[in-house]
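Undergrad:
Protein chains in written order, with my numbering: chain H, 1393 to 1853; chain Y, 2 to 89.
1) Mind listing the chain Y neighbours of residue 1626 (chain H)? Cutoff is C-beta to C-beta under 9 Å, in chain order.
2) For residue 1798 (chain H), which residues of its own chain have a beta-carbon under 7 Å away from its beta-carbon, when the five flanking residues on both sides are left out?
3) Rounded to whole angstroms, how far is the Cβ of residue 1521 (chain H) from the Cβ of residue 45 (chain Y), which I believe are closer than 8 Å?
4) What does the alpha-carbon distance come out to for the pair residue 1393 (chain H) and residue 1710 (chain H)?
5) Taking Cβ to Cβ, would you say residue 26 (chain Y) is nearer than 8 Å to residue 1538 (chain H)?
6) Quick check on the DSSP output: the alpha helix (DSSP H) that includes residue 1822 (chain H) runs from which residue to which?
7) Does the stretch 1497-1510 of chain H come close enough to the stretch 1595-1612 of chain H that 3 or more CB-CB pairs lie under 8 Å?
8) May I ask which residues mark the beginning and end of the alpha helix (DSSP H) holding residue 1833 (chain H)?
9) Kindly indicate the opening and closing residues of the alpha helix (DSSP H) around residue 1716 (chain H).
10) Just how far apart, CA to CA, sit residue 52 (chain Y) and residue 1526 (chain H)?
11) Okay, do the stretch 1399-1410 of chain H and the stretch 1688-1699 of chain H touch, 3+ Cβ pairs below 8 Å being the bar?
12) Between residue 1479 (chain H) and chain Y, is there a C-beta pair that is closer than 8 Å?
13) Let me see if you follow: with CB-CB separation under 8 Å, is residue 88 (chain Y) close to chain H or not?
14) Pick helix, strand or coil for residue 1433 (chain H), following the three-state DSSP scheme.
15) Measure the C-alpha to C-alpha separation of residue 1840 (chain H) and residue 1756 (chain H) and round it to an integer number of angstroms.
16) Return no unless some Cβ of chain Y is closer than 8 Å to the Cβ of residue 1631 (chain H).
17) In or out: residue 76 (chain Y) buried (at least 16 other Cβ within 10 Å) or exposed?
18) Could you tell me which of H:1424, H:1745 and H:1464 sits nearest to residue 1492 (chain H), measuring between CA atoms?
19) Just mark residue 1540 (chain H) as buried or exposed, buried being the case when its beta carbon has 16 or more other beta carbons within 10 Å.
20) Is there contact between the stretch 1761-1774 of chain H and the stretch 1733-1745 of chain H, where contact requires at least three CB pairs shorter than 8 Å?
21) State yes or no: is the C-beta of residue 1672 (chain H) within less than 8 Å of the C-beta of residue 1716 (chain H)?
22) Buried or exposed for residue 1796 (chain H), please, with buried defined as at least 16 other CB atoms from any protein chain shown within 10 angstroms of its CB.
23) Excluding the 5 residues preceding and the 5 following residue 1585 (chain H) in the sequence, name in chain order all residues of the same chain whose CB lies nearer than 8 Å to its CB.
24) Are the CB atoms of residue 1412 (chain H) and residue 1718 (chain H) within a distance shorter than 8 Å?
25) Would you report the Cα separation of residue 1691 (chain H) and residue 1644 (chain H), rounded to the nearest angstrom?
26) Given this structure, state the Cα-to-Cα distance separating residue 1685 (chain H) from residue 24 (chain Y), to the nearest angstrom.
27) Is residue 1771 (chain H) helix, strand or coil when you go by DSSP?
28) Relative to the C-alpha of residue 1625 (chain H), which residue among H:1572, H:1523 and H:1590 is closest?
29) Can you tell me whether residue 1600 (chain H) is helix, strand or coil according to DSSP?
30) Can you confirm whether residue 19 (chain Y), when its beta carbon is compared against all beta carbons of chain H, has any partner nearer than 8 Å?
31) Got a sec: is the Cβ-Cβ distance from residue 77 (chain Y) to anything in chain H below 8 Å?
32) Determine, using beta carbons only, whether residue 1668 (chain H) and residue 1474 (chain H) come nearer to each other than 8 Å.
33) Return the residues of the stretch 1483-1510 of chain H that lie within a Cβ-Cβ distance of less than 9 Å from chain Y, sorted by chain order.
34) Residues in its own chain within less than 6 Å of residue 1599 (chain H) by CB, not counting five upstream and five downstream?
35) Give the interface partners of residue 57 (chain Y) over in chain H, defined as CB-CB distance under 7 Å, in chain order.
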């Protein structure tokens, strides 16, 4: 029987690994982090002791991680970075950097669970040291026992701001502002979805209770629209604006802080799926996700996908998708296992919650009015809005790909992971057109998945 | 909470850290927030995404440039330097 190869050790990848292994398929699980758990169940090294305080439900994660480790037919490679991948004639080839050298893995049965990262929007000063993503601030607490600063502004949109603010309060930071750009009434049309997902409400209240122990007051309809550095070049204060329902600025005030954790939901990391040739589509929130069928199979037979890369939906949706993908892949290699009706019912319920999230936390186009000509867009290549406009007005670019080639916007080390998504919108804005799905998918296409030193390749297999 | 058990240097200055932390986390804990200077405008940058995605926290470690501070585990005796442009 052939191995099922799984990429990603978060909620989806772990669930997929355990399900496929229990069904009888030998599993190889590749994870880029030093420890399993993904971003959601990120934990520090063992010497940091018990971590339950830093999590809503670490017990579920640890149980899953321990079950995966105890399963004799699962091999785990932690700290494995895939730098390149391709697919031909039913075989996926993964080129992996593991313990300093390259390893080539060929498989006909692959599950992708590569997760997501914070979605950022640009604004004047967002490149100043001290402006961070909420995920970054949380990973410092959960993974390293470090609080990013003393006076922290948490802002942006989406439910993820709550656990980040809660984690900061618990760790002793002063959360001086907690700003949600959208108004809470947006949930009103999704009451039924909330009621069928009571575990999510429970999780929400857990964070709100933790936050309420600080001196934090959450405000809705406000956003950070500017950041200022002190003499040392590091964050000293931010401009906070009351914004209208389209995110246009109404009134601005300034507040001192040393860290601003700002995020606008998440962007799926579909780089690996894209490199293999899996069909990608544009979701309702205009993010690019991997297209799957009811069995979690991608457009390529034998390549499955689960978790955030099929659409942002949180850990519970990721777990059920992982289980279904695990069963599908195990069946594909000949195990006697089937997706059950209850699997599909649970997934549908979690998908309705994911759809409600998109409705409750839209990112409105008014953010584009926060920028000035000198606002950096591409942090890697230091391309600002004036440069981008130039490529269109002076040099005649008529699409985001040409604008990118003319300015190098999105061509730095991160390969447009941070700016690619919003640059598509800014270019279309300048041209007075709407971005096409082809524009959005091109912006996340990355032939090299992670840049690596050539020396590692030279020394490899 | 764990105690400091290792030491490394940042631009020659000794910094204490806890085994298992990343270079970026240990530097932030020591109030070092500017980790590199950009290559065109020499603007300071620090940890942004914190999970290895954005490549903004690049530092020079034991002479090797372009190391992501946020995902590189700190090791006792490491020599970490601010990256200016593409080198130390």
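No residue lacks a Cβ here, since even glycine has one placed at the ideal position from N, Cα and C.
If you're wondering where the values come from, they're calculated on a predicted model, not measured in any experiment.
TA: For this structure:
1) On the first chain, residue 1626 (chain H) is found 234 positions in, with the first residue counted as 1. Simply 34, 35, 45 and 47.
2) To locate residue 1798 (chain H), count along the first chain from 1; it is residue 406. Taken in chain order, the residues that qualify are 1783, 1787 and 1789.
3) Working through the first chain from its first residue, we reach residue 1521 (chain H) at position 129. Working through the second chain from its first residue, we reach residue 45 (chain Y) at position 44. Yes, they are in contact, since the Cβ atoms of residue 1521 (chain H) and residue 45 (chain Y) sit about 5 Å apart, within 8 Å.
4) Here residue 1393 (chain H) is taken as the residue at index 1 of the first chain, counted from 1. Here residue 1710 (chain H) is taken as the residue at index 318 of the first chain, counted from 1. Low per-residue confidence applies at residue 1393 (chain H): pLDDT is 49, beneath 50, and the placement is therefore not dependable, though the value from the model is reported in the following sentence. The straight-line gap from Cα to Cα measures roughly 27 Å.
5) By one-based count along the second chain, residue 26 (chain Y) stands at place 25. By one-based count along the first chain, residue 1538 (chain H) stands at place 146. The criterion of a C-beta distance shorter than 8 Å is satisfied by residue 26 (chain Y) and residue 1538 (chain H).
6) Looking up residue 1822 (chain H) in the first chain gives position 430. From DSSP, the alpha helix (DSSP H) with residue 1822 (chain H) extends over 1812-1823.
7) Taking a cut-off of 8 Å for Cβ pairs, the stretch 1595-1612 of chain H and the stretch 1497-1510 of chain H do not touch, as fewer than three such pairs fall below it.
8) Start at 1 with the first residue of the first chain, and residue 1833 (chain H) comes out as number 441. Counting along the chain, the alpha helix (DSSP H) containing residue 1833 (chain H) begins and ends at 1829-1834.
9) Taking the first residue of the first chain as 1, we reach residue 1716 (chain H) at position 324. Here the alpha helix (DSSP H) through residue 1716 (chain H) covers 1707-1724.
10) The residue labelled residue 52 (chain Y) in the question sits at position 51 within the second chain. The residue labelled residue 1526 (chain H) in the question sits at position 134 within the first chain. Rounded to whole angstroms, the gap between the alpha carbons of residue 52 (chain Y) and residue 1526 (chain H) is 11 Å.
11) Yes, they touch.
12) Your numbering for residue 1479 (chain H) matches position 87 in the first chain. Under the Cβ distance rule, residue 1479 (chain H) does not count among the residues neighbouring chain Y, no pair being separated by less than 8 Å.
13) Position 87 of the second chain, counted from the start, is the residue given in the question as residue 88 (chain Y). It does not: the Cβ of residue 88 (chain Y) has no partner Cβ on chain H nearer than 8 Å.
14) The count along the first chain starts at 1 and reaches residue 1433 (chain H) at position 41. Three-state result, residue 1433 (chain H): coil.
15) Along the first chain, read from residue 1 onward, the residue named residue 1840 (chain H) stands at position 448. Along the first chain, read from residue 1 onward, the residue named residue 1756 (chain H) stands at position 364. Near 32 Å, if we compare the C-alpha coordinates of residue 1756 (chain H) and residue 1840 (chain H).
16) Sequence index remark: in the first chain, residue 1631 (chain H) carries index 239 (1-based). Residue contact check for residue 1631 (chain H) against chain Y: no CB pair falls below 8 Å.
17) As a working mapping, residue 76 (chain Y) is identified with position 75 in the second chain. Exposed: under 16 other Cβ atoms inside 10 Å.
18) Locating residue 1492 (chain H) in the first chain gives position 100, where the first residue counts as 1. Put simply, of H:1424, H:1745 and H:1464 the residue whose alpha carbon is nearest the alpha carbon of residue 1492 (chain H) is H:1424.
19) Taking the first chain and counting its residues from 1, one reaches residue 1540 (chain H) at position 148. By the neighbour-count criterion, in which a residue is buried when 16 or more other Cβ atoms sit within 10 angstroms of its Cβ, residue 1540 (chain H) is buried.
20) Short answer: they don't touch.
21) By one-based count along the first chain, residue 1672 (chain H) stands at place 280. By one-based count along the first chain, residue 1716 (chain H) stands at place 324. Judged by beta-carbon spacing, residue 1716 (chain H) lies beyond the 8 Å limit of residue 1672 (chain H), meaning their Cβ atoms are not closer than that value.
22) Position 404 of the first chain, counted from the start, is the residue given in the question as residue 1796 (chain H). Counting the other Cβ atoms within 10 Å of the Cβ of residue 1796 (chain H) gives 16 or more, which makes it buried.
23) Translated into positions along the first chain, residue 1585 (chain H) becomes position 193. So the list reads 1744, 1745, 1747 and 1748, once near-sequence residues are dropped.
24) On the first chain, residue 1718 (chain H) is found 326 positions in, with the first residue counted as 1. On the first chain, residue 1412 (chain H) is found 20 positions in, with the first residue counted as 1. Contact flag set, yes.
25) Position 299 of the first chain, counted from the start, is the residue given in the question as residue 1691 (chain H). Position 252 of the first chain, counted from the start, is the residue given in the question as residue 1644 (chain H). For residue 1691 (chain H) and residue 1644 (chain H), the distance between alpha carbons rounds to 48 Å.
26) Against the first chain, residue 1685 (chain H) aligns to sequence position 293. Against the second chain, residue 24 (chain Y) aligns to sequence position 23. Roughly 42 Å separates the two Cα atoms.
27) Numbered from its first residue, the first chain carries residue 1771 (chain H) at position 379. DSSP, read as helix, strand or coil, puts residue 1771 (chain H) in coil.
28) As a working mapping, residue 1625 (chain H) is identified with position 233 in the first chain. A check of alpha carbon separations from residue 1625 (chain H) across H:1572, H:1523 and H:1590 identifies H:1523 as the nearest.
29) Residue numbering aside, residue 1600 (chain H) sits at position 208 when the first chain is read from its first letter. Helix at residue 1600 (chain H).
30) Position 18 of the second chain, counting from 1, holds the residue named residue 19 (chain Y). Interface residue (Cβ-Cβ distance to chain H less than 8 Å): residue 19 (chain Y) is classified as such.
31) What you label residue 77 (chain Y) is simply residue 76 of the second chain in a count that begins at 1. Residue 77 (chain Y) has a beta carbon lying at 8 Å or more from every beta carbon in chain H.
32) Your numbering for residue 1668 (chain H) matches position 276 in the first chain. Your numbering for residue 1474 (chain H) matches position 82 in the first chain. No, the pair does not count as a contact, with Cβ atoms beyond the cut-off.
33) Close to chain Y, meaning a Cβ-Cβ distance shorter than 9 Å, are the following residues of the stretch 1483-1510 of chain H: 1509 and 1510.
34) Position 207 of the first chain, counted from the first residue, corresponds to residue 1599 (chain H). Sequence-distant Cβ neighbours of residue 1599 (chain H) in its own chain, meaning closer than 6 Å and more than five residues away, are 1554, 1555 and 1558.
35) As a first step, residue 57 (chain Y) is located in the second chain; it is residue number 56 there, counting from the start. What residue 57 (chain Y) touches in chain H: 1771.
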